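For the sequence shown, position 2 (counting from the first letter as 1) is numbered 10 according to this note's numbering, and the numbering increases by one without interruption.
Here a beta-carbon is modelled for each residue, glycine too, at the ideal position from N, C-alpha and C.
Small disclaimer: the values here were computed from a predicted structure and weren't measured.
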Amino acid sequence: MKLLADGLYQLRGFPPDAINVYLMGDVLVDAGSRHAERRILRQLADRDVRAHALTHAHPDHQGSSHAVCEKLGIPFWVGEGDVKAAESGDMVTPQPDHPMPRFSQRVFAGPGHPVDRVLREGDDVAGFTVLEVPGHSAGHVAFWRESDRTLVLGDVVFNVSHAFIPGTLSEPREFFSPDPARNRDSARRVAELEPALVCFGHGPPLRDTKKFTDFVAGLPQA
C-alpha cells in the first residue's frame, strides 16, 4: 500500500492507478472488479478493517465487495441512491442503454450484498465527511477531510484520459453516467473546496489544486 495522507492508503492495483481502492482509516473504500478479490485481501491481511464503503455502485468498484465483506465479516456502506443496485448486483438498469455498461457488468461485476448502513450527506466515515455527489450514479458519494483538504472523489472526475493517458483530467464517458449535467454540478461543488489532494477512482492522485479547479471551471455549462 502507498501512504497518501494521514491514515489514507492506496492499495496496489494492476495496472497501477487504473481501478483504485483505498483504505481510509479502518474503512475500505471501493473494491475494484471481481478479479481483484485476492489482491485486496492480501493487502488487508495485517490491517484492522471495520467496514467497506462504496463511492458508487458500478461493477469496477463493487466487483469484490461481497467477497471482502463476507471474508472479513465487515458491514457494507453505500450511498442512498445506489443501495438497490449494490444489493441486487444489477448495475446495468440504472445506467444508459449502451453496450459498454452491459460489457462492464459481464466482465467486472460481483454478486450483490446487503447494505448495512446508508451513507448520507454529512455522515462521518473514518474522520471524513460524506458528500453526496450524484450524476455518474444516483447515489454517488465522496469523502472530504477539511483539516488537510483531502478528497476521495470516486468517478466524478477521472485523472486518466479516454485514451488511457494517466495524469490527464477527464469527465466520465456519458454512456456510463445517467445524468452528465448533474455530475458536472457535483464536480463544481467539490472544486469549490479547493482540495489539496484528490484521490480518484481512475488515475493517479493529484496534488495540484489549480489544475483540478481549472479543469472543472472549463466543463460545459448546462
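- Within the region 151–192, complete alpha helix (DSSP H) segments of at least 4 residues are not found at all.
- When the Cα atoms are used, Ala146 and Gly130 turn out to be separated by approximately 17 Å.
- Within the same chain, Phe136, Thr137, Leu139, Leu159 and Leu201 come within 7 Å of Trp152 by CB-CB distance, once the 5 residues on both sides are set aside.
- Annotation: Ala117 to Ala199 spans about 30 Å, alpha carbon to alpha carbon.
- Under the DSSP definition of a beta bridge, Val37 partners with Tyr30 and Ala61.
- For Ala13, DSSP records a beta bridge to Leu16.
- According to the DSSP secondary-structure assignment, Leu127 is paired through a beta bridge with Gly87.
- The shortest C-alpha to C-alpha distance from Ala94 to any of Arg58, His74 and Arg157 is the one to His74.
- Here DSSP, grouped into helix, strand and coil, assigns Leu201 to coil.
- Taking 9 Å as the cut-off, the Cβ atoms of Ser41 and Val115 count as close.
- In this structure, the straight-line span from the alpha carbon of Val35 to that of Glu78 is close to 15 Å.
- With contacts defined as CB atoms closer than 9 Å, Leu52 and Leu80 qualify as a contacting pair.
- Using a Cβ distance threshold of 9 Å, Asp98 and Thr63 do not count as a contacting pair.
- In the three-state reduction of the DSSP assignment, Val138 falls in the strand class, which pools E and B.
- Using a Cβ distance threshold of 9 Å, Ala134 and Gly209 do not count as a contacting pair.
- Under DSSP, Asp132 shares a beta bridge with Thr137.
- Residue range Thr217 to Ala225 is occupied by the alpha helix (DSSP H) that includes Thr217.
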